[in-house]
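*Asks:*
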Amino acid sequence: MISQKMAGAINEQIKHEFFSYWLYLSMAFSLEAQDLKVFAKWFYAQADEEKEHAMKMANYLLDQGAEVKLLALEQPKTDFGSVLEICEESVIHEELITKKINELVALARSENDFATDNFLQWFIMEQVEEVAKANELVSLVKMANNPGQMLMVEQRIMALREENSEA
Numbered sequence: 006m007i008s009q010k011m012a013g014a015i016n017e018q019i020k021h022e023f024f025s026y027w028l029y030l031s032m033a034f035s036l037e038a039q040d041l042k043v044f045a046k047w048f049y050a051q052a053d054e055e056k057e058h059a060m061k062m063a064n065y066l067l068d069q070g071a072e073v074k075l076l077a078l079e080q081p082k083t084d085f086g087s088v089l090e091i092c093e094e095s096v097i098h099e100e101l102i103t104k105k106i107n108e109l110v111a112l113a114r115s116e117n118d119f120a121t122d123n124f125l126q127w128f129i130m131e132q133v134e135e136v137a138k139a140n141e142l143v144s145l146v147k148m149a150n151n152p153g154q155m156l157m158v159e160q161r162i163m164a165l166r167e168e169n170s171e172a
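With the first letter of the sequence shown counted as 1, position 76 gets the number 81 in the numbering used here; the numbers rise by one all the way through.
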């Protein structure tokens, strides 16, 4: 059975995952407003992934007989700059989430909670992928110095999204 401390920490992470969902929606809305539809589509998909992560954690708590508590969320940022700034901010955010997941694993190990440690390994590998995708997105945007290159970048972004949905 999962400890109250571990369940509380996972509930806190569920909050972070739902905040990520809101943040990526906010980024997508900003990109839509700038008529950057392909980038917006990318961030809508990222938002959906974050919601799935929260639900996966909630279901784990329920399977462990623990209570799921939906904690209050901060309002995400709504005023963004360029597409590059948004993409760079997503890298910073994914690195923060990676740190939070690592802290959960450390707690599970300190409590000899092998089931939770095992459950969290999926999130560890997911974060490796998320940070890599976010960094690749930043690199692609930096390559786009003119409208012609931006079209190429948008095509690569859609291909990258398809590659990741097949994995």
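A virtual CB, placed ideally from N, CA and C, is assigned to each residue, including glycine.
As the structure is a computational prediction, the values presented were derived from the model and not from experiment.
Could you spell out where the alpha helix (DSSP H) holding glutamine 69 opens and where it closes?
*Replies:* First-last for glutamine 69: undefined, no H or E at that position.
*Asks:* Hey, glutamate 22 and alanine 71 are a contact pair by Cβ (cut 8 Å); roughly how many whole angstroms apart?
*Replies:* Going by Cβ atoms, the distance from glutamate 22 to alanine 71 rounds to 16 Å, so no, they are not a contact pair.
*Asks:* Shortest alpha-carbon distance to isoleucine 15 belongs to which of Ser95, Leu28, Lys82, Ala111?
*Replies:* Out of Ser95, Leu28, Lys82, Ala111, Ala111 has the C-alpha closest to the C-alpha of isoleucine 15.
*Asks:* With isoleucine 97 as the anchor, note down where its alpha helix (DSSP H) starts and where it stops.
*Replies:* 88-115 is the span of the alpha helix (DSSP H), which, as asked, contains isoleucine 97.
*Asks:* So alanine 45 packs on glutamate 37, CB below 8 Å; how close in whole Å?
*Replies:* Indeed they touch by this definition, with Cβ atoms about 4 Å apart.
*Asks:* Would a C-beta distance cut-off of 8 Å place isoleucine 7 and aspartate 118 closer than the cut-off?
*Replies:* Yes; because the gap between Cβ atoms is below 8 Å, this pair is in contact.
*Asks:* What are the boundary residues of the alpha helix (DSSP H) that isoleucine 7 is part of?
*Replies:* Premise fails: isoleucine 7 is in no alpha helix (DSSP H) and is neither H nor E.
*Asks:* With distances taken between CB atoms, is the gap from phenylalanine 124 to tyrosine 65 smaller than 8 Å?
*Replies:* Yes.
*Asks:* At which residues does the alpha helix (DSSP H) containing aspartate 84 begin and terminate?
*Replies:* Careful: aspartate 84 lies outside any alpha helix (DSSP H) and carries neither H nor E.
*Asks:* Using CA coordinates, which residue listed in Glu99, Glu116, Val158, Met157 is at the minimum distance from glutamate 131?
*Replies:* Residue Glu99 is the option with its Cα nearest to glutamate 131.
*Asks:* Taking glutamine 126 as part of the alpha helix (DSSP H), name the residues at either end of that continuous run.
*Replies:* Here the alpha helix (DSSP H) through glutamine 126 covers 119-148.
*Asks:* Quick one, are the C-beta atoms of valine 73 and valine 143 less than 8 Å apart?
*Replies:* Cβ atoms of valine 73 and valine 143: not closer than 8 Å.
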